[in-house]
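UniProt numbering puts the first residue of the sequence shown at 1, with every later residue one more than the last.
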Amino acid sequence: MFGPQVPTVPVTEIADDTYLLDVREDDEWAAGHAPNAHHLPMMELPARLAEVPTDRDVAVVCRSGGRSAQVVAYLVNNGWDRVRNADGGMRQWAAVGRPVVDGNGQPGQVI
1 MFGPQVPTVP VTEIADDTYL LDVREDDEWA AGHAPNAHHL PMMELPARLA EVPTDRDVAV
61 VCRSGGRSAQ VVAYLVNNGW DRVRNADGGM RQWAAVGRPV VDGNGQPGQV I
């Protein structure tokens, strides 16, 4: 009924060398994101698919995990096998004390 399970990873287990793909909108990104994240809004993914690496671990993040789960399912269906959904999204990222910066590199907030 709900389709295959989307692979997830707790935000506390995302390694520093993981490619962190933030699929939120521009205003959400500007307000606060993980310092080493790569921004690619969800709706732009099909046109920019080549930007997502296939040779390393990828964690996809949004605000709470819904959009990123859709992106993970899309990537898995298109041949990615090292991709996981960041469980709880940026809300959980911030809640466990991981760094969040704004568009200017200053302390940010998750909106």
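We treat Cβ as the ideally placed atom computed from N, Cα and C, and that holds for glycine.
- Between TRP93 and the set ASP17, GLU25, ALA37, the nearest pair of CA atoms involves ALA37.
- Here VAL76 is not near ASN85, since their CB atoms are 7 Å or more apart.
- Residue pairing by DSSP puts PRO10 in a beta bridge opposite ASP87.
- Around the C-beta of VAL96, fewer than 16 other C-beta atoms lie within 10 Å, and the residue is accordingly described as exposed.
- Restricted to the region 36-71, not a single alpha helix (DSSP H) segment is unbroken, complete and at least 4 residues in length.
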